[in-house]
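Everything below concerns the one structure shown next.
Number of protein chains: 4
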Amino acid sequence: MSAPLKVAVLGASGRMGAEAVKAVGAANDMELVATLGRGDSLEILLETGATHVVDLSVPASTEANVRFAVEHGIHAVVGTTGWDDAKRESLTALLSKNPESGVLIAPNFALGSVLASAFAATAARYFESVEIIELHHPNKVDAPSGTAVRTAELIAAERAAAGVAPSPDATETQLDGARGALVDGVHVHSVRLRGLVAHQEVLLGGEGEQLTLRHDSYDRASFMPGVLLGLRTVASRPGLTYGLDGYLELGR
Amino acid sequence: MSAPLKVAVLGASGRMGAEAVKAVGAANDMELVATLGRGDSLEILLETGATHVVDLSVPASTEANVRFAVEHGIHAVVGTTGWDDAKRESLTALLSKNPESGVLIAPNFALGSVLASAFAATAARYFESVEIIELHHPNKVDAPSGTAVRTAELIAAERAAAGVAPSPDATETQLDGARGALVDGVHVHSVRLRGLVAHQEVLLGGEGEQLTLRHDSYDRASFMPGVLLGLRTVASRPGLTYGLDGYLELGR
Amino acid sequence: MSAPLKVAVLGASGRMGAEAVKAVGAANDMELVATLGRGDSLEILLETGATHVVDLSVPASTEANVRFAVEHGIHAVVGTTGWDDAKRESLTALLSKNPESGVLIAPNFALGSVLASAFAATAARYFESVEIIELHHPNKVDAPSGTAVRTAELIAAERAAAGVAPSPDATETQLDGARGALVDGVHVHSVRLRGLVAHQEVLLGGEGEQLTLRHDSYDRASFMPGVLLGLRTVASRPGLTYGLDGYLELGR
Amino acid sequence: MSAPLKVAVLGASGRMGAEAVKAVGAANDMELVATLGRGDSLEILLETGATHVVDLSVPASTEANVRFAVEHGIHAVVGTTGWDDAKRESLTALLSKNPESGVLIAPNFALGSVLASAFAATAARYFESVEIIELHHPNKVDAPSGTAVRTAELIAAERAAAGVAPSPDATETQLDGARGALVDGVHVHSVRLRGLVAHQEVLLGGEGEQLTLRHDSYDRASFMPGVLLGLRTVASRPGLTYGLDGYLELGR
């Protein structure tokens with residue numbers, strides 16, 4: 003067995019950060035060498051000999067954190083939001099000067115959700131009909147969910163590329179809203195129900211058959227296997243990878 | 003074992019009628035004594051000694067068929083549409099003069115669907131949240147389905163009677179239609195997918211739990227157990243019963 | 003609006019007790035007047051003027067707690083286990099001398115679970131086939147779950163009473179265990195999966211249709227609406243009621 | 003638009019064959035040039051100028067049919083069973099002498115089923131727990147279904163290759179059969195219910211999340227999109243392809 007990864011968690015006092023501290027601490031092949039919160043100096047990374055960082059801090063500090071890591075040969079797995087195109091381009095430029103460093107920026111670390119989106123996009127080429135139902139707790143303020151919108155966009159792009167016709171729909175009369183929202187031509191339905199957390203179903207239908215891809219997220223603990231997978235993989239993938247699906251073996 | 007019921011099927015050449023002919027013919031406790039189509043004389047019912055009729059004819063003839071049956075002491079199970087309030091009142095008046103005759107008029111003979119609606123109404127008093135998803139083949143021209151609208155109305159009436167607050171919903175921004183159609187305050191979502199037939203889910207949510215009532219209808223054969231149940235019960239229920247749920251033992 | 007119920011929680015330091023303290027404290031129509039743990043004197047109930055108790059203590063003390071309540075005209079809602087036939091008979095005798103006191107003993111307070119079991123039993127009379135799938139976290143040591151066994155027994159009893167034939171099954175060759183466990187003639191399948199909590203599906207099938215009754219339990223908070231319903235109802239139901247379904251309006 | 007494919011259907015009088023005749027006849031990019039049944043001469047393929055055949059005949063004739071096609075430069079899509087290793091090796095040898103001919107032999111043409119199996123295998127590497135539930139009509143004589151057994155084998159192979167531990171299971175006491183059948187270490191549950199056709203769910207669970215892949219097959223019409231996809235692809239894939247998944251773009 004090889005030496006454990008020396009991992010530091012940035013943003014360790016946030017809710018996701020605290021989960022990461024627990025998960026890294028419990029992993030046999032990792033050693034938690036540092037936990038940094040707001041105001042802590044990044045020099046601690048050098049003093050503790052960290053070879054990997056997990057950045058779960060805030061948009062205001064994530065860019066500086068990651069650039070520091072890259073400049074010091076530390077691999078980075080990043081869950082913080084705020085990485086727009088400009089910031090990613092600038093990071094790519096920096097990585098080209100540090101060709102052995104790897105960075106993973108992932109908007110979503112839930113393996114099941116990432117897999118479900120990828121499978122939905124793959125399957126959408128092969129079915130006449132596709133619709134999305136997302137279900138969340140009733141305190142959510144936006145509808146549809148961001149994940150559902152992204153899944154619909156991904157599906158629409160695959161269908162356009164494969165020349166698939168729009169899903170058939172003979173609806174002539176409807177009550178307002180019955181057929182859901184349209185995202186790039188894909189119908190999306192948003193259910194809000196007390197007791198739920200975050201759930202999504204992609205329904206695909208063809209003559210005589212149906213394929214349903216459902217993901218249920220019950221707890222933010224569900225992000226940790228993806229974070230650990232990222233840490234175990236990032237050193238072998240120099241440069242910038244955007245999206246955890248880049249690390250998954252999706253084909254066969 | 004008692005003597006078999008002597009059953010005649012009216013509207014026997016229609017699709018539902020043909021199913022009823024098969025189902026009655028296959029029932030051990032029934033004897034199919036006549037099948038009548040358009041233009042056949044109702045006198046055949048008397049000649050064959052029918053004690054029960056199933057009327058699956060057309061709106062234009064169902065009233066005359068049923069009145070003839072009642073006047074001749076024949077019990078009737080009716081699936082034909084078109085029985086508005088006026089016709090039902092007139093039939094009730096006729097039945098009061100023929101107090102031993104029973105008539106069942108049922109807009110829906112699928113036991114599972116009737117049970118699911120009844121259960122949904124019962125449960126809706128006890129949960130904070132309730133929404134409906136109905137799923138059909140893409141050739142359907144209206145949305146939501148009539149069954150979904152009736153289920154929502156039933157649910158809304160029960161919640162109003164029990165003083166239940168509206169389902170919580172913090173949605174502030176939404177894409178048009180994302181949250182579905184509103185029927186008496188109940189959110190209803192209509193999915194259209196190739197390969198499906200007719201399906202409905204009622205989702206009920208409370209703190210920490212969810213109850214889901216789903217009905218799948220694959221084939222019009224699903225109406226026949228309800229028709230047979232109607233035939234076996236109608237003689238013991240003089241007067242007019244509207245809705246198959248009137249014959250089901252729903253409590254305990 | 004009437005005066006709030008004066009509620010004391012017994013067993014307040016246990017996990018369920020702590021939930022009850024929160025739930026009663028948050029209910030507009032209740033006042034939490036006392037919380038008792040191990041060793042606390044029941045005299046506190048009298049000093050604080052409690053009119054209702056929730057007993058979520060331990061089997062060793064629940065009988066003394068409830069008898070004290072009944073003898074002092076305090077209504078009791080009881081979730082503690084251990085009430086065998088002998089103890090319930092003895093309690094019924096005591097209640098006959100205190101005819102205004104009400105006691106509810108409920109093995110299960112999750113409304114959705116109680117409703118799902120009742121609906122399953124009702125529906126089981128009307129379908130050819132019925133099977134149960136229960137799904138739990140992988141740390142559960144017994145299979146099937148107690149709830150699944152009780153649901154199967156309830157279903158079997160209803161089918162026997164209604165003269166329904168056993169579910170059809172043409173299986174000739176099977177791998178050991180493929181068709182699940184048999185409980186009173188009902189097939190029961192137990193799934194164990196990381197990430198799950200406690201879930202159950204009753205599947206009912208007839209010619210051309212299917213009815214599915216699913217309950218998901220995510221959190222012990224799901225028991226609290228049932229506890230509150232018990233508290234609000236118990237004073238109007240003198241004597242002993244066993245099972246929360248006794249307080250639900252299941253028919254229409 | 004290119005010229006239509008000239009397609010002949012072999013085994014055209016069987017149930018699957020009849021579906022293929024309809025499907026090819028309805029496809030805009032295909033011309034149905036011949037339909038052959040038992041006893042018809044394969045010379046008809048040459049006379050009609052067929053460039054593609056669909057073989058849905060019987061095990062006794064499929065090998066001769068396909069060899070004739072290959073020898074005459076006709077591409078073949080084959081759904082007939084009976085192609086054991088020896089026959090496939092012999093066919094591969096023949097194809098090496100006819101390097102422009104393509105043959106697809108597919109044990110399953112339902113796109114949804116093929117995709118669901120492939121997705122299940124892919125996802126099984128990333129989740130702690132995986133189980134399979136298959137649901138069929140009650141006239142089925144074997145349990146589990148062949149598809150469920152193959153899916154379990156595929157999943158087990160992927161998990162072994164990726165070094166994934168067995169699914170956790172703390173069961174100590176169980177009723178016989180409750181935990182299902184074990185296929186290569188994967189628990190498989192078989193439900194038999196009147197009204198169903200053929201359905202399968204693969205449930206994958208990890209800390210705080212669940213991924214469910216469900217396929218419903220309602221009708222043998224569901225095989226036709228796979229047959230048409232095979233016909234459209236086979237000419238561009240010289241040699242023997244075994245399994246429709248070989249023609250699907252499963253990765254991204």
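Protein chains in written order, with the working numbering: chain A, 3 to 254; chain B, 3 to 254; chain C, 3 to 254; chain D, 3 to 254. We put the CB at the ideal spot given by N, CA and C, even for glycine.
Check: Pick from D/64, D/24, D/173 and D/192 that is closest to residue 144 of chain D, judged by C-alpha positions; Outcome: D/192
Check: Beta-carbon gap between residue 58 of chain C and residue 81 of chain C smaller than 8 Å; Outcome: yes
Check: Residue-level contact to chain D via CB, residue 227 of chain A, 8 Å cutoff; Outcome: yes
Check: Neighbourhood of residue 31 of chain C by C-beta, 8 Å cutoff - its chain only, sequence neighbours within 5 removed; Outcome: 3, 4, 6, 7 and 234
Check: Those residues which DSSP pairs with residue 216 of chain D across a bridge; Outcome: A/214 and D/203
Check: According to DSSP, residues forming a beta bridge with residue 12 of chain C; Outcome: C/38 and C/57
Check: Backbone CA spacing between residue 237 of chain D and residue 84 of chain D [nearest angstrom]; Outcome: 23 Å
Check: Residues from the segment 175-195 of chain C in contact with chain D, defined by Cβ distance under 8 Å; Outcome: 175, 176, 177, 178, 179, 180, 181, 182, 183, 184, 185, 189, 190, 191, 192, 193, 194 and 195
Check: Contact check, residue 134 of chain C vs residue 202 of chain C, beta carbons under 8 Å; Outcome: yes
Check: Segments assigned beta strand (DSSP E), at least 3 residues, entirely inside the segment 130-157 of chain C; Outcome: 131-138
Check: Same chain, Cβ closer than 7 Å to residue 43 of chain A, neighbours up to 5 away in sequence not counted; Outcome: none
Check: Inside the segment 43-100 of chain D only - beta strand (DSSP E) runs reaching at least 3 residues; Outcome: 54-57 and 77-80
Check: Residues of its chain near residue 176 of chain D, where Cβ-Cβ distance is below 6 Å and the 5 sequence neighbours each way are ignored; Outcome: none
Check: Validate contact between the segment 158-175 of chain D and the segment 114-131 of chain D using beta carbons, cut 8 Å, 3 pairs; Outcome: yes
Check: Under 8 Å by beta carbon: chain D residues contacting residue 205 of chain C; Outcome: 137, 193 and 195
Check: Contact list for residue 172 of chain B against chain A, beta-carbon separation under 7 Å; Outcome: 140, 141, 142 and 143
Check: 8 Å Cβ cutoff, residue 249 of chain A in contact with chain C; Outcome: no
Check: Option in A/75, A/180, A/137 and A/49 with minimal Cα separation from residue 220 of chain A; Outcome: A/137
Check: Chain D within 8 Å of residue 209 of chain A, Cβ atoms only; Outcome: yes
Check: Minimum Cβ-Cβ distance from residue 244 of chain D to chain B less than 8 Å; Outcome: no
Check: Contact list for residue 218 of chain C against chain B, beta-carbon separation under 7 Å; Outcome: 211 and 212
Check: Reduced DSSP secondary structure (H/G/I, E/B, other) of residue 33 of chain C; Outcome: strand
Check: N-terminal and C-terminal residue of the beta strand (DSSP E) that residue 230 of chain A is part of; Outcome: Looking at the DSSP string, residue 230 of chain A is not in any beta strand (DSSP E); the run it does join, the alpha helix (DSSP H), is 226-235.
Check: Residue span of the beta strand (DSSP E) that contains residue 192 of chain D, given as start and end; Outcome: 188-194
Check: Beta carbon of residue 246 of chain D nearer than 8 Å to that of residue 110 of chain D; Outcome: yes
Check: Residue 19 of chain D versus residue 65 of chain D: straight-line alpha-carbon distance, rounded; Outcome: 17 Å
Check: Residue range of the unbroken beta strand (DSSP E) whose run includes residue 241 of chain D; Outcome: 241-244
Check: Environment of residue 67 of chain A [buried if 16+ CB atoms lie within 10 Å]; Outcome: buried
Check: Below-8 Å beta-carbon distance, residue 224 of chain C vs any chain B residue; Outcome: yes
Check: Beta carbon proximity, residue 133 of chain B to chain A, threshold 8 Å; Outcome: yes
Check: Integer-rounded CB distance, given that residue 122 of chain B should sit under 8 Å from residue 34 of chain B; Outcome: In fact, because the Cβ distance is near 35 Å, the residues do not count as touching under 8 Å.
Check: Within-8 Å CB hit, residue 114 of chain D to chain A; Outcome: yes
Check: Proximity test, Cβ basis, 8 Å: residue 215 of chain D and chain A; Outcome: yes
Check: Boundaries (first-last residue) of the beta strand (DSSP E) holding residue 106 of chain A; Outcome: 104-107
Check: Neighbourhood of residue 102 of chain A by C-beta distance below 8 Å, restricted to the same chain and skipping five residues each side; Outcome: 75 and 240
Check: DSSP-derived helix/strand/coil call for residue 185 of chain C; Outcome: strand
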